[in-house]
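If you read the sequences in order, they're chains F and G. Sequential numbering of the first sequence, starting at 1, is according to this note's numbering. Sequential numbering of the second sequence, starting at 1001, is according to this note's numbering. Glycine is no exception: its CB is placed at the ideal position from the N, C-alpha and C atoms. The block underneath contains the structure these notes are about, expressed in C-alpha cells.
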Amino acid sequence: MKDSAKLTLWGLTSFAILFSAASVTAQSVTTDPVGYVTNEIPAVSSEPVYVSVSRPFHSGDQGSATVASVTGSIITTSSSAFEAGAFSAVDSLGASLYYIVVTTPDATNEGLVLDVVSNTADSITVDASGLGGDVSGVISANDTLIVRKYSVLSDLFGASNDFDLNSGQDDTSSDIIYVMSNDGVGTFSRYYYQTDAFSGLFGGDGWRAVGDINTDHSNLRLAPDSGVFIKRISGGALSLVTTGVVSDADILTPLVPGFNLISSTYAIDSTLSTLGLYSNGSTEGVVSGQDDQTSDIVYVLNPDGTYARYYYQTDAFGGLFGGDGWRAVGDINTPKDSVEIPAGSAIIVNHIGSGNNWATAAPYSL
Amino acid sequence: MNKYKILTCTFLFSGIVVSVNSQSLTNLGYGTQIASGATLFLDNSNVGLTSGNAVVSIGYFSSLPGAFVATSSTFDSWVSLAETSTFSPLNGFVSTVSNNTDVAGAVGLVPYIAVFSGINDSVNYSSATGFSLVQSSTWSAITAGSGTPESPVTDSEYRTLSFDTIHLGSLQTGLGFSGGDGIATEVVPEPSAFAAIAGVLALGAVGARRRR
Chain F
1 MKDSAKLTLW GLTSFAILFS AASVTAQSVT TDPVGYVTNE IPAVSSEPVY
51 VSVSRPFHSG DQGSATVASV TGSIITTSSS AFEAGAFSAV DSLGASLYYI
101 VVTTPDATNE GLVLDVVSNT ADSITVDASG LGGDVSGVIS ANDTLIVRKY
151 SVLSDLFGAS NDFDLNSGQD DTSSDIIYVM SNDGVGTFSR YYYQTDAFSG
201 LFGGDGWRAV GDINTDHSNL RLAPDSGVFI KRISGGALSL VTTGVVSDAD
251 ILTPLVPGFN LISSTYAIDS TLSTLGLYSN GSTEGVVSGQ DDQTSDIVYV
301 LNPDGTYARY YYQTDAFGGL FGGDGWRAVG DINTPKDSVE IPAGSAIIVN
351 HIGSGNNWAT AAPYSL
Chain G
1001 MNKYKILTCT FLFSGIVVSV NSQSLTNLGY GTQIASGATL FLDNSNVGLT
1051 SGNAVVSIGY FSSLPGAFVA TSSTFDSWVS LAETSTFSPL NGFVSTVSNN
1101 TDVAGAVGLV PYIAVFSGIN DSVNYSSATG FSLVQSSTWS AITAGSGTPE
1151 SPVTDSEYRT LSFDTIHLGS LQTGLGFSGG DGIATEVVPE PSAFAAIAGV
1201 LALGAVGARR RR
C-alpha cells in the first residue's frame, strides 16, 4: 500500500492569477495562491497503519523587508515594515511561532530559516543560539526577508479533530501523531486528540501530549520542512486534506547529524531523484558513499511501521559495484531514482555527516 | 489452591499474547564490505564461489556443537536468519542486507557466517561439498525492534572487511579482492566416507597380494 497524495494545486493557483488579471482595470488586487493535498490513510484490518503527513504550504506572509544592518541577533530593516510585537507568540512548548526566510535571489543564504524572538516596527530579533548569538555571518545589509507563521498541529488536523481520527479518553484509545525531535536523536513526542467522556473532569477535549491530559497542544508548531507520522489504530480509510498558501520561496532545510524528519515545502509529487537530496558532489544535501554504510540513509515509512531504506551510491570502482545513483539498502545494482515521494508526505534522513543543508528551489513559478 | 492455578494460567496466557503481538525485526547486514582489501569466499580449491553453486548464511546454532568440524553434522542445529546464493559482481563476493528480518530467538546472540559450497540453500546442508564458518571479534549481539516509531527496526551489522575468527575453512592470503584475503571452504570426510575409503584400500591390498 502506498500513501497516495492527490494534488490539485494548479487549478486553484490559476484561479488566483485569473482573478488578479480580471481586476486590473478596476483595481490592482493580488491574492496568495492556495492549494490542497489529500493524503489517503488506508483502512485498518488487524494491525495499526502508519502514514507520514506534511503540510507543503504556509499560512501567508506576515511581512517582508530589506535588511539595513545586523548587530548580534538583531536585524534592522530599512523601513518600518511590521507591527511592533506582532511576532512574539510562542507555541505550547514555548517555541516561537514565527520565522524569517531569507529571500535574497541567488544568494548563498537564500532559503535560510531562523526563528523570530521578538520584533519592533523596523527590527527583528531572531534566535541565534545556533550561530553563537550572532547572525551577521549569514545575514547582511541588502538581504531581503519575509516573515511567516509556523504551521501548527491544528492546521493539519483541525482544532476539533476535523478528520475524525480515532479519539478517546486517553492515548491508548486514540490515533497517535508522532513528532520527531529536531536534535538528531530521533525520539518522538506523541500527541492525540482527547475526548473527555467525563465532561472535562479528565482534561477536557483537545490535542494532548501522551502523559499530559491537560495541556492544549493545538498550536504545537511544525517546521515548514518537517512532517509527522500518524498511527491509526482502527477504522476505515480516511482522506486527510491539507490546505494552505503555496510556497514559492527557496528553503534551506538543515540536516543535523542523526535523524531528521523532513519534507518538501512544495505541493508537488517528487521522486528520490527530483527531490534534490543529493546535489552531485556539493557540500549540500545527503552524504554519498560506496554503500549504505558510508552514506546518509533515507527512510520511507511503510504502512506497517517499518521503513524502506535508500541511499545515494557513488561507486568508487568505476561501476564495478553497482554504479552511481539511488539504491535500496541491500541491493547495490537496481536503480531507485524513481521511487515516489508523494506531495504531503515526509521522510527521515539519517545524516552521518557533521551537518548540511538540503537546498530546495520551487519547482514552479507563481 | 485452585485460585493459584487459575492465576498462574492467566499469567501464562498474558505472556503468550504479548509474545504474539511483538515482533523482533532488524536490518541484518552480512558479508564483506565494498572496499579494497575485501574478503572473498572461496571453494575447497581456492576458487571464488559462483552464483547458484554455494550459499552464504548468517545465523546461529540452536545447540552449539561440541567442536567445529567441517562435516555436515556440525550444522545439524544451524538456524539460518538470512542467506544468499548470489555472488556479485565478483565470484566469491557477498555484501548484502536482509531488511526487516525477523530474528526472534537470536536477539542477544553474536551470529556466525556459514558458507556452504555445492548447494544453493542451507536447508540442503547435508549435501554440501565444503564448509567455512567465520566471525569477527568486533561484532556485537543482534538487536531488534518491533517495527513501530516507538520501537523501530534496528540495524544489526555484520559486514566486515576481514574476518579474524575462522572456525572452519582456511585463510588464503592475497586471494581476496584488491589485496584482500580469501577464506576457502573445507571438508572432512564423514565416518561413512572413511569406511568406504578403508574398504577400497582393503580391496586394493587384496588385489595386490593376489597379483604377487
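**Prompt:** What first and last residue would you give for the beta strand (DSSP E) that runs through D1102(G)?
**Reply:** 1095-1102
**Message:** Going by DSSP, what residue range makes up the beta strand (DSSP E) through L275(F)?
**Reply:** Element bounds for L275(F): n/a, residue is neither H nor E.
**Closer than 9 Å to chain F by CB, W1049(G)** = What sits at residue 1049(G) in the sequence shown is Leu, not Trp. Not closer than 9 Å to any Cβ of chain F, the Cβ of L1049(G) fails to qualify, so no.
**Request:** Between the Cα of G186(F) and those of F57(F), D291(F), S69(F), Y299(F), spot the shortest distance and give me the residue it belongs to.
**Result:** Y299(F)
**Request:** Verify the CB distance criterion: does Q169(F) have a CB-CB separation below 9 Å to chain G?
**Result:** no
**Message:** Applying the 10 Å Cβ sphere with the 16-neighbour rule, what's the burial state of V1018(G)?
**Reply:** Confidence at V1018(G) is low in this model, with a pLDDT of 33, below 50, so the placement of that residue should be treated as unreliable; the coordinate-derived value is given next. Exposed: under 16 other Cβ atoms inside 10 Å.
**Asked** Should T1138(G) go down as buried or exposed, given a rule of 16 or more other Cβ atoms within 10 Å for buried?
**Response** exposed
**Asked** Should N1027(G) be flagged as near chain F, meaning a C-beta pair shorter than 9 Å?
**Response** yes
**Exposed unless 16 or more other CB atoms sit within 10 angstroms - verdict on G1182(G)** = buried
**Message:** Taking 9 Å as the threshold (C-beta atoms), are V102(F) and L112(F) in contact?
**Reply:** yes
**Three-state secondary structure assigned by DSSP to Q293(F)** = helix
**Prompt:** Exposed or buried, what is D1164(G) when buried is set at 16 or more other beta-carbons lying within 10 Å of its beta-carbon?
**Reply:** exposed
**Prompt:** Quick one: complete beta strand (DSSP E) runs, 3+ long, within the segment 312-361 of chain F?
**Reply:** 325-328, 347-351, 356-360
**Message:** In this structure, how does DSSP classify N142(F) when only helix, strand and coil are distinguished?
**Reply:** coil
**Prompt:** Cα-Cα, which of L156(F), D183(F), F202(F) is closest to D170(F)?
**Reply:** F202(F)
**Message:** Under 8 Å, with one C-beta from each stretch per pair, do the segment 281-296 of chain F and the segment 308-316 of chain F reach the 3-pair mark?
**Reply:** yes
**Item:** Reduced DSSP secondary structure (H/G/I, E/B, other) of V67(F)
**Value:** strand
**Prompt:** Does any C-beta atom of chain F lie closer than 9 Å to the C-beta of E1150(G)?
**Reply:** yes
**Message:** Output needed for P335(F): all residues of its chain with C-beta closer than 6 Å, excluding positions within five of it in sequence on either side, in chain order.
**Reply:** G325
**Asked** Looking at chain G, which residues of the segment 216-239 of chain F have a Cβ within less than 9 Å of any of its Cβ atoms?
**Response** F229, K231
**Item:** Per DSSP, the bridge partner or partners of S239(F)
**Value:** E40(F)
**Asked** Taking 9 Å as the CB-CB cut-off, is I352(F) touching chain G?
**Response** no
**Beta bridge counterpart(s) of V1153(G) as assigned by DSSP** = The partner list for V1153(G) (beta bridge, DSSP) is empty, contrary to what the question assumes.
**Request:** For chain G, find out if any of its Cβ atoms is closer than 9 Å to the Cβ of Q290(F); answer yes or no.
**Result:** yes
**Request:** Could you check if L238(F) is buried or exposed, using at least 16 other CB atoms within 10 Å of its CB as the buried criterion?
**Result:** buried
**Prompt:** Can a CB atom of chain F be found closer than 9 Å to the CB of Q1172(G)?
**Reply:** no
**Message:** Checking the sheet assignment: what are the DSSP bridge partners for L301(F)?
**Reply:** Y307(F)
**Asked** Is the beta carbon of I177(F) less than 9 Å from the beta carbon of V44(F)?
**Response** no
**Prompt:** What residue from L222(F), S226(F), L366(F) has the CA that sits closest to L261(F)'s CA?
**Reply:** S226(F)
**Request:** May I have the straight-line CA-CA distance separating S231(F) from A308(F), to the nearest angstrom?
**Result:** Note on identity: in this sequence residue 231(F) is Lys, with Ser being the wrong assignment. One C-alpha to the other measures close to 17 Å.
**Request:** Give me the Cβ distance between G330(F) and N1099(G), rounded to the nearest whole Å; I'm assuming they're in contact under 8 Å.
**Result:** 6 Å
**Asked** Under 9 Å between C-beta atoms, does E1157(G) make it to chain F?
**Response** yes
**Whole-angstrom distance between A1038(G) and F1177(G), CA atom to CA atom** = 5 Å
**Prompt:** For G379(F) versus Y50(F), is the C-beta distance shorter than 9 Å?
**Reply:** In the structure as shown, chain F starts at 1 and stops at 366, and residue 379(F) therefore has no counterpart that could be examined.
**Prompt:** Could you give the distance in angstroms between the alpha-carbon of T271(F) and the alpha-carbon of P342(F)?
**Reply:** 8 Å
**Prompt:** Who are the Cβ neighbours of S1127(G) in its own chain at under 6 Å, not counting the five residues just before and after it?
**Reply:** I1119
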